Amino acid sequence: MELLTGTGLWPVAIFTVIFILLVDLMHRRQRWNYRYPPGPVPWPVLGNLFQVDLDNMPYSLYKLQKRYGNVFSLQMAWKPMVVINGLKAMQKVLVTCGEDTADRPPVPIFEYLGLKPGSQGVVLAPYGPEWQEQRRFSVSTLRNFGLGKKSLEQWVTKEAGHLCDAFTDQGGQSFNPSTLLNKAVCNVISSLIFARRFEYEDPYLIRILKIQEESLTEVTGFIPEVLNAFPILLHIPGLADKVFQGRNTFMAILDNLLTENRTTWNPAQPPRNFIDAFLAEIEKAKGNPESSFNDENLRMVVANLFTAGMVTTSNTLSWALLLMILHPDVQCRVQEEIDEVIGQVRHPEMADQARMPYTNAVIHEVQRFGDIAPLSLPRITSRDIEVQDFLIPKGTILLPNMSSVLKDETAWEKPLRFHPEHFLDAKGHFVKHEAFMPFSADNGALWNVKQGLQG
């Protein structure tokens, strides 16, 4: 009863504070045992949560990079994190030490949303046999359904025609093209996955895009980061469901489309789309508990293709339109090359890319300058690694800052300017640049999809 009095509560409060501080001290002690990268001094318990702008992380990381260098540390609550910046450090972490940094850290909000190990598709899945199996399947299936072949080109060409018609329907009035670009790219991905497209005014398509936009904003920013730092908050009744309402609705829409596809699937017929091919693998894997081909992974792979492929592609196209308006000289040279190689009669083909070095350079420079995905998905070290004289311990979360590579002053002639010549040699031939990492250093299947869509 004494503990319930005002005086009796003090020992409990003091004990709680001391316990929290000791736990915090234990987490920091691990860092003192290593040549750990420098960083802002974290607050007890909260770490650096309130010292960075979680709604504008790229700019926060840019300022910290200027202060602490290309490899610096953060602490999000009790989770240690090291941010990787610049070409050399990125190559060391993602390429030289690629096997030791390929894994993904557990993300409490994703696990709450059902993205548990073994059912996270090809983007968030932990590195291992399941991830390798899904990646191999995704790459080979996308190729079989026309990546670089006629079928995908036909889907893109057909959708480009609908998009141009929609632009023409604006009657010469000013308008924001982003909505139409989102619809066009969504239709290309839908054709690949479901073998169907939607009319631009179809309420179902409009709802898909609206819900997807809402779901993407729900997993970034301050609130999701706090929930990741203190996952106990996810157990507060009704809180998480309210925060992730858009994500749950989006997955329900995908479930309906998957169910519709499954009911019309005929295993005796050649696969019509990506889903049919995956369903065939599920049938083959029956009785094999080690297989990653299951209904949950099907949901996650489809969600990955939509969320990771659609927004980045439509944003890239928006940047391309804007930059062509702002740089009429570049637009003129691109048009001249198009007229010379393709002409005004036939449609463009992927094979034309090899004969259009300037246009190819412009597309790459749009992706570099536009900086569509400034931060790559986090990694986690599976063993101790050494980067630029710092020793990063096993189990540390790594945050690759891709923007720092695309704007690296030591790698690019004019990093802060739109300059297609970054990808041309002295003779005007297209050249690949080692610092061109618009998404990551191991883009994989989704990078191939984006290249096909943007082509």
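If you read the sequence shown in this note's numbering, its first letter stands for residue 236, the second for the next number, and so on. Ideal placement from N, C-alpha and C gives every residue a C-beta, glycine not left out. Please read these numbers as outputs of a predicted model, since none were measured by experiment.
If we count the other Cβ atoms within 10 Å of its Cβ and call it buried at 16 or more, is residue i buried or exposed?
i: residue 448; result: exposed
i: residue 567; result: exposed
i: residue 508; result: buried
i: residue 657; result: buried
i: residue 388; result: buried
i: residue 491; result: exposed
i: residue 294; result: exposed
i: residue 332; result: buried
i: residue 399; result: exposed
i: residue 467; result: exposed
i: residue 579; result: exposed
i: residue 409; result: exposed
i: residue 460; result: buried
i: residue 375; result: exposed
i: residue 276; result: exposed
i: residue 340; result: buried
i: residue 570; result: exposed
i: residue 525; result: exposed
i: residue 394; result: buried
i: residue 532; result: buried
i: residue 575; result: exposed
i: residue 405; result: exposed
i: residue 365; result: buried
i: residue 355; result: No answer about residue 355 holds up, because its pLDDT of 48 lies below 50 and its placement is not dependable.
i: residue 300; result: buried
Can you tell which of the options has its C-alpha closest to the C-alpha of residue i?
i: residue 582; options: 392, 502, 613 and 557; result: 392
i: residue 668; options: 648, 652 and 662; result: 648
i: residue 370; options: 599, 617, 540 and 627; result: 540
i: residue 554; options: 474, 653 and 635; result: 653
i: residue 456; options: 646, 288 and 444; result: 288
i: residue 423; options: 281, 527, 397 and 302; result: 397
i: residue 493; options: 536, 565, 598 and 599; result: 536
i: residue 471; options: 347, 444 and 672; result: 347
i: residue 297; options: 610, 627 and 459; result: 610
i: residue 280; options: 310, 290 and 302; result: 310
i: residue 486; options: 436, 291 and 534; result: 534
i: residue 290; options: 276, 451, 651 and 476; result: 451
i: residue 334; options: 367, 302, 308 and 303; result: 367
i: residue 673; options: 505, 661 and 612; result: 612
i: residue 284; options: 505, 304 and 308; result: 308
Excluding the 5 residues flanking residue i on each side, which residues of the same chain have their C-beta closer than 8 Å to its C-beta?
i: residue 518; result: 502
i: residue 336; result: 328, 329, 614, 615, 616, 617, 620 and 633
i: residue 573; result: 583, 591 and 594
i: residue 439; result: 433
i: residue 453; result: 459, 478, 479, 480, 481 and 482
i: residue 476; result: 483
i: residue 469; result: 343, 344, 347, 462 and 475
i: residue 560; result: 566
Looking only at its own chain, which residues have a Cβ that is under 7 Å from the Cβ of residue i, when we skip the five neighbours before and after it?
i: residue 500; result: 511 and 514
i: residue 430; result: 507 and 508
i: residue 671; result: 599 and 603
i: residue 577; result: 583 and 587
i: residue 562; result: 653
i: residue 497; result: 514
i: residue 428; result: 508, 509, 510, 537 and 540
i: residue 292; result: 610
Just to confirm my understanding: we take residue i, look at its own chain, exclude 5 residues before and 5 after, and list those with CB closer than 6 Å. What are they?
i: residue 696; result: Given that the chain is displayed from residue 236 to residue 690, the structure contains no residue 696 and the question cannot be resolved.
i: residue 625; result: 270, 272 and 306
i: residue 631; result: 315, 317 and 616
i: residue 596; result: 655, 658, 659 and 665
i: residue 417; result: 444 and 549
i: residue 528; result: 516, 517 and 520
i: residue 690; result: The pLDDT assigned to residue 690 is 46, lower than 50, so where the model puts this residue is not dependable, and the model offers no usable value.
i: residue 278; result: none
i: residue 650; result: 642 and 644
Between residue i and residue j, how many whole angstroms is the CB-CB distance? I'm expecting something under 8 Å.
i: residue 324; j: residue 282; result: About 22 Å; that fails the 8 Å criterion.
i: residue 441; j: residue 488; result: Their Cβ separation, rounded to whole angstroms, is 12 Å, which puts residue 441 and residue 488 out of contact at 8 Å.
i: residue 435; j: residue 401; result: 6 Å
i: residue 545; j: residue 420; result: 5 Å
i: residue 646; j: residue 322; result: 5 Å
Inter-stretch contact (C-beta, 8 Å, three-pair minimum) for the region 641 to 653 and the region 603 to 616: yes
Please confirm if the region 411 to 422 is in contact with the region 545 to 559, defined as three or more CB-CB distances below 8 Å between the two stretches. yes
Count the C-beta pairs between the region 309 to 328 and the region 610 to 624 that are closer than 8 Å, then say yes if the count reaches three, no if not. yes
For the pair the region 270 to 280 and the region 305 to 319, tell me if three or more CB-CB distances fall below 8 Å. yes
For the structure I just gave you, are there three or more beta carbon pairs, one from the region 577 to 592 and one from the region 629 to 639, closer than 8 Å? no
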